[in-house]
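In the numbering used here, the protein residues as written are 448 to 1063. Beneath this line is the structure, given in structure tokens, with notes to follow.
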């Protein structure tokens, strides 16, 4: 053991003692030799609970460390961002060391070797490390990924997940990435997860959109190459209803990428600094980001608006701010959020700034209804609560595997036939944009940009089915459901989601609207029937519709046949081959009356709608 030196000599006495010690061989003043701080016997007693401890091996440790350094393999490589790195390998373990640290901060180099069992503490050890680095040959056999996400290439070969997992389309490709985010860990049985999740959310516009939106970061770079640019976007689920907004974003969408047993699941709190948000964006590059409850940001309305504004601007910029001595880098993320108030209403920005953000900040406004974010009670369940209980149980043990599978399938497809992948993406987004009426030359450019994430969500579903990642038969009518999500919740002009005058008609309390419970057929004589202005009808999935006879539509809405056809295309008018639907809504003299109705999709039942017995 080296003898400790007394470094606490101060003032005049210190100078005197140094003079007494004399001058060493290097012509430097030296302190006098001190007694050992602690004298150790040759052997510690074996019965002290420590067993036999040899102090004779004290000289072996430097030799072992020097041997470990000598047995290591070190090569120089060029990282994915073009920067030089060293890769140090020992006994199957590897670490990447930046050449900048080798030149400017050797202490970081010695620290980086700790995980390999190399503790370079003496001058001889440090000299051996430096010599190893100086003699390192160049190599292109190992790729150092300096950030998560896809390889920086036109046709990426690998994806570095935030948890350190490398997903590669090339067998034997050696990639080194130091990811440590356990939130991205995959758990459980994938097909079980798919089956149970699909049972709850299929044919539900908001949950299904949010679920497939979670896969859009995987397609971002490939869609761009296909000529369909979707910039970083925040999709938020907002509304006064407290029923399952957070659950849909944090657990349903979050489980695509991972999650945790923490209360927020896969999400981060909105109560964060812009620098922390930027760190999250870098860490989750080409992945999903989820923020929970915007109302938790800041201690006041002003602070809340500033925090949210800064985060939204940094996400929209897609580039981290420059730091001293570091190059700024780009990140690509798609984000989800939830709150009672929409983010645009919270933002402390000028009106023109809010308008600019509307294409990057898309709000799905959840109506105040018993089923919350769901339009009807999921198949096979008595209540939405029961369905969501199963979702919570499911994501507790089964999560984080879908995104990795989808990434692997897309990388494999790109490697096999990149042109086919691009054309499939292009065809899917064109199909969606055409069906929602945004492929025409005079389409509103703001609406086009807002619809792009919806189209990319649909493309994610199409590619997941084509690649075999997901089984199409489990997921219901995906395209029709996502179209409904756009028309009912996504468009800026929500009044445009309904035929002219429908919102006014539903809000007019002077109108007699009869609410017919599912399965009921009340006795309504023809004379009373003629005084009714509309009916609330529910299908087997408990979805509400406004049912109106042709004469009712002519009297109150004045819609032409061409307009009705367009409403059918948009999903507002529910119809099969023909525009009208034959229904048995009432009895007359005990016999069922089968009549033609137009069925308009509605999100909420008017408060003044009443059973027929009360409305006679």
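Heads up, the beta-carbon is just placed ideally off N, CA and C, and yes, glycines get one too.
- When DSSP states are grouped into helix, strand and coil, residue 1046 belongs to the strand group.
- In the structure shown, residue 821 adopts coil according to DSSP, grouped into three states.
- In this chain, the beta strand (DSSP E) harbouring residue 1029 covers 1028 to 1035.
- Contact annotation: residue 541 and residue 620 have beta-carbon atoms that are not nearer than 8 angstroms.
- Between the stretch 776 to 784 and the stretch 670 to 687 there are three or more inter-stretch CB-CB distances shorter than 8 angstroms, so the stretches are counted as touching.
- Closest by C-alpha distance to residue 628, out of 612, 979, 514, is 612.
- Two segments are said to touch when three or more pairs of C-beta atoms, one from each, lie closer than 8 angstroms; by this definition the stretch 975 to 988 touches the stretch 1027 to 1034.
- The beta carbon of residue 860 is closer than 7 angstroms to those of 868, 914 in its chain, skipping five residues each way along the sequence.
- At the C-beta level, residue 821 and residue 831 come within 8 angstroms of one another.
- Counting only the Cα atoms, residue 534 lies some 43 angstroms from residue 840.
- Ranking 887, 578, 852 by CA distance to the CA of residue 916 puts 852 first.
- In this structure, residue 979 keeps its C-beta atom at 8 angstroms or more from the C-beta atom of residue 1056.
- Taking residue 1043 as reference, the option from 602, 1023, 1051 with the minimal CA-CA separation is 1023.
- For residue 621, the enclosing beta strand (DSSP E) covers residues 621 to 623.
- The Cβ-Cβ distance between residue 847 and residue 639 does not fall below 8 angstroms.
- Per DSSP, the beta-bridge partners of residue 982 are 961, 994.
- Listed in chain order, the non-local C-beta contacts of residue 843 below 8 angstroms within the same chain comprise 708, local neighbours out to five positions each way being set aside.
- Put simply, the backbone Cα of residue 907 is about 18 angstroms away from that of residue 732.
- In this structure, residue 626 places its C-beta atom within 8 angstroms of the C-beta atom of residue 609.
- Taking each of 1017, 726, 790 in turn and checking the Cα distance to residue 879, the smallest one comes out for 1017.
- Contact check for residue 665 and residue 854: beta-carbon distance about 5 angstroms, within the 8 angstroms limit, so the pair qualifies.
- Along the length of the stretch 801 to 888, whole beta strand (DSSP E) runs at least 3 residues long occupy 808 to 812, reported in chain order.
- Sequence-distant Cβ neighbours of residue 614 in its own chain, meaning closer than 7 angstroms and more than five residues away, are 605, 606, 608, 851, 854, 855, 858.
- Rounded to the nearest whole angstrom, the CA to CA distance from residue 655 to residue 529 is 40 angstroms.
- Each of 713, 836, 684 was checked against the Cα of residue 701, and the nearest Cα belongs to 713.
- With a threshold of 16 other beta carbon atoms within 10 Å, residue 909 meets it and is buried.
- Rounded to whole angstroms, the separation of the alpha carbons of residue 741 and residue 790 is 7 angstroms.
- About 24 angstroms separates the Cβ atoms of residue 931 and residue 787, ruling out a contact at the 8 angstroms cut-off.
- In the DSSP annotation of this structure, the continuous segment of the beta strand (DSSP E) that includes residue 540 starts and ends at 540 to 545.
- For residue 734, the beta-bridge partners assigned by DSSP are 780.
- For residue 532, the enclosing beta strand (DSSP E) begins and ends at 531 to 537.
- Counting every other CB atom within 10 Å of its CB across the protein chains shown gives residue 692 a total of 16 or more, marking it as buried.
- By the Cβ-count criterion, residue 726 is exposed, with fewer than 16 other Cβ atoms from all chains shown falling within 10 Å of its own Cβ.
- A Cβ-Cβ contact shorter than 8 angstroms links residue 696 with residue 657.
- In the structure shown, residue 894 falls within a helical segment according to DSSP collapsed to helix, strand and coil.
- Each of 547, 1015, 1040 was checked against the Cα of residue 1048, and the nearest Cα belongs to 1015.
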